[in-house]
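Numbering (the UniProt record's numbering), first residue to last: 1 to 687.
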């Protein structure tokens with residue numbers, strides 16, 4: 001449709017269903033792109049969901065409606081379905097899985113390389129589609145060849161047995177194993193996988209060198225023409241699917257292609273000599289290329305010639321330029337999917353490295369190819385400038401490729417099909433090996449077994465509290481103490497707090513640059529003491545009610561959600577709220593632009609949002625009235641009492657063991673210290 005989606009309403013027959021949602025609109029393209037994201041805050045929405053998209057805030061113009069009739073369960077619930085892959089249409093994504101077939105097919109060594117016959121035979125025996133995979137030998141080879149070099153190589157050995165995941169990791173830097181852990185957790189909560197075991201490489205470099213080593217079936221994020229690794233979606237793709245979907249460029253492209261700066265743009269670190277050459281080209285062609293380095297590590301001797309370091313630029317700011325450069329780092333540049341999803345034209349350096357989807361890309365169809373040495377880059381930019389109509393078509397092709405192949409459902413199905421096909425190659429029985437540890441414990445999550453379905457109508461939420469030393473007022477006291485009318489306040493955004501989040505530091509930096517719009521400073525330094533000189537000194541304490549001398553208030557995450565939000569909503573200032581994955585028990589009741597002004601997590605739209613609000617003061621009054629009414633209807637003491645009461649009652653019904661007094665337990669309070677209204681004392685309790 002061409003209409004602007006202004007409101008989304010998600011309803012369910014289940015009164016306990018709680019859903020967060022977000023709307024992303026793009027209006028500069030044909031056809032328009034609208035993305036509606038939603039996430040269950042409760043464990044389940046029994047009876048399904050109905051998602052309605054409206055073209056007006058009064059819900060009169062229905063643009064689209066999606067109805068799900070089955071129960072909808074949250075990501076944290078274990079709800080295995082034997083027909084999951086059918087429901088996900090994984091088999092219809094066959095074209096995408098040609099890379100899997102290629103990786104699982106033995107790739108012979110180049111006959112020009114000198115390899116002894118004995119070496120060749122060991123290769124075939126270790127990993128060959130026809131002979132199968134003797135994983136005992138694979139694991140022994142990995143432990144012999146790579147495990148002793150703890151600082152150079154890191155990998156994990158995984159086993160899936162009876163739909164339980166186990167692992168043992170080797171190396172000093174194994175933190176990246178969390179990405180495989182989460183993919184397995186998510187897949188095993190949705191469907192069943194065959195018993196299998198595999199090795200997952202935690203480094204960027206592929207490990208199974210064709211030229212000098214027997215090819216080993218190692219799962220890696222990056223492949224190469226010179227290696228035999230089995231390529232899986234990068235941890236960046238998995239982040240996008242699991243956690244950071246808000247970083248996807250779709251729905252965030254606010255500038256039409258023809259209005260952008262006609263230059264090639266790039267930022268990154270010095271992890272490849274050709275990146276340095278790109279910066280040199282930028283120095284020689286300042287009218288065509290804007291490229292600089294954000295960090296020096298590999299080529300520090302070039303800092304004087306190619307420095308200074310460029311300051312950080314938010315990723316979405318990249319798309320203010322017509323042309324984007326994708327150039328190798330230590331291996332393939334993992335940003336390529338995000339560049340292809342934007343509405344800028346991608347120039348891609350020729351490379352022997354590849355990700356799992358590169359086989360789908362075609363030069364001049366999805367991107368502009370550039371020689372590895374970049375010696376044709378300037379010529380390619382000139383040619384593109386002379387044929388602007390082709391740029392539009394290539395951009396449309398690349399965005400469609402992302403939509404067809406790189407969304408979460410494709411990432412899930414890729415892993416699912418890879419695990420199934422790989423498991424058929426194993427010739428050894430999968431048995432739990434010593435030193436293996438369970439990846440996750442299912443007792444920590446909900447289960448949608450039939451006998452539990454009626455009991456999972458609620459979730460546990462953070463309860464409103466009073467953060468020590470910051471807000472020490474009850475919420476009712478905020479009402480009745482708003483002595484200054486909104487129109488008489490200082491027209492600025494106000495914030496005070498400690499340094500418990502990097503984005504709080506960014507807010508202070510914005511305040512330094514826009515002193516006429518933002519008054520933000522830190523009251524304490526603890527997490528980022530090294531920034532005290534740059535962002536200090538500490539701001540003196542300001543009583544909370546003094547906050548409301550300013551028209552606009554900022555709510556920004558600390559270590560978790562900022563617990564001051566209810567108090568800000570109760571005041572008569574307009575609240576700007578940072579997007580966040582954290583929430584309190586009442587967040588499902590909030591609606592953007594109804595109760596607050598939403599701001600991107602990176603704060604890159606904060607200044608624009610403040611300007612828009614200043615130009616529409618009448619809307620501020622309505623939003624403030626809505627937010628204060630929400631507090632009165634949902635966050636007063638009686639609501640807090642009832643919330644606890646209902647939570648305790650419903651929770652108690654889930655306990656399967658009898659509650660008996662355990663040793664070492666102490667009484668919380670002594671009833672002899674308080675009065676009782678027993679029948680014989682009732683006449684004494686009239687006050």
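Using N, Cα and C, we set each Cβ at its ideal position, and we do this for glycine too.
Opposite residue 702 in the DSSP bridges: which residues? Only positions 1 to 687 of the chain appear in the structure, and residue 702 is not among them; the question remains open.
Apart from the five residues just before and just after residue 421, which ones in its own chain have a Cβ nearer than 7 Å to its Cβ? As a working mapping, residue 421 is identified with position 421 in the chain shown. Closer than 7 Å at Cβ, skipping near neighbours: 100, 104.
Closest to residue 392 by C-alpha separation, out of 259, 486, 271, would be which residue? As a working mapping, residue 392 is identified with position 392 in the chain shown. Distances from the alpha-carbon of residue 392 to those of 259, 486, 271 put 259 closest.
How should residue 437 be labelled, buried or exposed, when 16 other C-beta atoms within 10 angstroms of its C-beta is the threshold for buried? As a working mapping, residue 437 is identified with position 437 in the chain shown. Around the beta carbon of residue 437, a 10 Å sphere encloses fewer than 16 other beta carbons of the protein chains shown; the residue is thus reported as exposed.
With contact counted as at least three CB pairs below 8 Å, one residue from each stretch, are the region 652-665 and the region 590-606 in contact? Put simply, the region 652-665 does not touch the region 590-606. Fewer than three CB pairs are less than 8 Å apart.
By the DSSP assignment, the beta strand (DSSP E) with residue 504 in it spans what residues? For the purposes of this step, residue 504 is taken as residue 504 along the chain shown, with counting starting at 1. Premise fails: residue 504 lies in the alpha helix (DSSP H), 502-513, not in any beta strand (DSSP E).
Take residue 8 as the anchor and find which of 44, 55, 149 has the nearest alpha-carbon. As a working note, residue 8 is residue 8 in the chain shown. When only C-alpha atoms are compared, the closest one is 55.
Which residues does DSSP list as the beta-bridge partners of residue 399? Working through the chain shown from its first residue, we reach residue 399 at position 399. According to DSSP, residue 399 bridges with nothing at all.
Can you check the region 575-612 for any alpha helix (DSSP H) of at least 4 residues that lies completely inside it and give the ranges in chain order? If only uninterrupted alpha helix (DSSP H) runs of at least 4 residues are considered, none is enclosed by the region 575-612.
Could you check the C-alpha separation between residue 632 and residue 557 for me, to the nearest Å? In the chain shown, counting from the first residue as 1, residue 632 sits at position 632. In the chain shown, counting from the first residue as 1, residue 557 sits at position 557. Using only the alpha carbons, I get a separation of about 24 Å.
Count the other CB atoms, across all protein chains shown, that sit within 10 Å of the CB of residue 182; report buried if there are 16 or more and exposed otherwise. Here residue 182 refers to the residue found at position 182 when the chain shown is read from its first residue. Buried: at least 16 other Cβ atoms inside 10 Å.
Entirely enclosed beta strand (DSSP E) segments - the region 294-347, minimum 3 residues: 321-326, all fully within the region 294-347.
Residues sharing a beta bridge with residue 438, DSSP: On the chain shown, residue 438 is found 438 positions in, with the first residue counted as 1. Residue 438 pairs with 166.
What does the alpha-carbon distance come out to for the pair residue 300 and residue 322? The sequence position of residue 300 within the chain shown is 300, counting from 1. The sequence position of residue 322 within the chain shown is 322, counting from 1. Approximately 31 Å between the Cα atoms of the pair.
Quick one: measure Cβ to Cβ for residue 21 and residue 10, integer angstroms, because I've assumed they're closer than 8 Å. Looking up residue 21 in the chain shown gives position 21. Looking up residue 10 in the chain shown gives position 10. Contact holds; Cβ gap of about 6 Å.
What's the call for residue 264, buried or exposed, on a 16-neighbour Cβ count within 10 Å? Your numbering for residue 264 matches position 264 in the chain shown. Within 10 angstroms of the beta-carbon of residue 264 lie 16 or more other beta-carbons, which makes it buried.
Residues bridged to residue 89 by DSSP? Walking along the chain shown from the start, residue 89 turns up at place 89. Its beta-bridge partners do not exist; DSSP assigns none.
My assumption, with CB atoms under 8 Å, is that residue 195 sits in contact with residue 232. Please give the rounded CB distance. Here residue 195 corresponds to residue number 195 of the chain shown, with the count starting at 1. Here residue 232 corresponds to residue number 232 of the chain shown, with the count starting at 1. Rounded to the nearest angstrom, the Cβ distance from residue 195 to residue 232 is 19 Å, too far for a contact under 8 Å.
Provide the residue span of the beta strand (DSSP E) that contains residue 160, from first to last. By one-based count along the chain shown, residue 160 stands at place 160. DSSP places residue 160 in the uninterrupted beta strand (DSSP E) bounded by 155-161.
Quick check: what's the CA-CA separation for residue 102 versus residue 206? Within the chain shown, the letter at position 102 stands for residue 102. Within the chain shown, the letter at position 206 stands for residue 206. In a straight line, the C-alpha of residue 102 is about 16 Å away from that of residue 206.
Quick check for students: name the residue ranges of the beta strand (DSSP E) that lie wholly in the region 174-211, counting only runs of 3 or more. You should have 196-201.
Minimum C-alpha distance to residue 429 - residue among 138, 197, 188: Numbered from its first residue, the chain shown carries residue 429 at position 429. Nearest to residue 429 by C-alpha distance, out of 138, 197, 188, is 197.
Contact set for residue 652: own chain, Cβ-Cβ below 6 Å, skip 5 residues either direction: Along the chain shown, one-based indexing puts residue 652 at 652. Listed in chain order, the non-local C-beta contacts of residue 652 below 6 Å within the same chain number zero, local neighbours out to five positions each way being set aside.
From 82, 5, 76, pick the residue whose C-alpha is nearest to that of residue 51; which is it? Taking the chain shown and counting its residues from 1, the one referred to as residue 51 is at position 51. Ranking the options by Cα distance to residue 51, first place goes to 5.
Residue from 576, 385, 630 with nearest C-alpha to residue 589: Taking the chain shown and counting its residues from 1, the one referred to as residue 589 is at position 589. The closest CA to that of residue 589, considering only 576, 385, 630, is found on 630.
Compute the distance between the beta-carbons of residue 426 and residue 133, then report whether it is under 8 Å. Start at 1 with the first residue of the chain shown, and residue 426 comes out as number 426. Start at 1 with the first residue of the chain shown, and residue 133 comes out as number 133. A contact, by the Cβ cut-off of 8 Å.
Find out if the Cβ-Cβ distance for the pair residue 603, residue 513 is shorter than 8 Å. On the chain shown, residue 603 is found 603 positions in, with the first residue counted as 1. On the chain shown, residue 513 is found 513 positions in, with the first residue counted as 1. The answer is no: Cβ separation not under 8 Å.
Along the chain, where does the alpha helix (DSSP H) containing residue 491 start, and where does it finish? Position 491 of the chain shown, counted from the start, is the residue given in the question as residue 491. Unbroken run through residue 491 is the beta strand (DSSP E), 490-498; no alpha helix (DSSP H).
Where does residue 658 sit, in a helix, a strand or coil, going by DSSP? For this step, residue 658 is matched to residue 658 along the chain shown. If DSSP states are grouped into helix, strand and coil, residue 658 belongs with coil.
Could you tell me whether the Cβ atoms of residue 71 and residue 33 are closer together than 8 Å? Taking the first residue of the chain shown as 1, we reach residue 71 at position 71. Taking the first residue of the chain shown as 1, we reach residue 33 at position 33. At least 8 Å separates the beta-carbon of residue 71 from that of residue 33.
Cβ atoms of residue 349 and residue 382: under 8 Å apart, would you say? Along the chain shown, read from residue 1 onward, the residue named residue 382 stands at position 382. Along the chain shown, read from residue 1 onward, the residue named residue 349 stands at position 349. Against a cut-off of 8 Å, the Cβ pair of residue 349 and residue 382 comes out as no contact.
What would DSSP say about residue 349, mapped onto helix, strand or coil? One-based indexing of the chain shown puts residue 349 at position 349. Strand.
Let me make sure I understand the geometry here. Which of 223, 504, 416 has the alpha-carbon closest to that of residue 330? As a first step, residue 330 is located in the chain shown; it is residue number 330 there, counting from the start. The alpha carbon of residue 330 has as its nearest neighbour, out of 223, 504, 416, the alpha carbon of 223.
Kindly list the residues whose CB is nearer than 6 Å to the CB of residue 243, restricted to its own chain and excluding five residues on each side of it in sequence; keep chain order. Taking the first residue of the chain shown as position 1, residue 243 is located at position 243. Summary for residue 243: the model assigns pLDDT 37, below 50, so the residue's position carries little reliability; its value from the coordinates is reported in the next sentence. Contacts found: none.
Check for me: the alpha helix (DSSP H) holding residue 532 runs from which residue to which? The residue given as residue 532 occupies position 532 in the chain shown. Here the alpha helix (DSSP H) through residue 532 covers 532-535.
Which residues DSSP lists as bridging residue 635, in chain order: On the chain shown, position 635 is the one that residue 635 refers to. Per DSSP, none; premise fails for residue 635.
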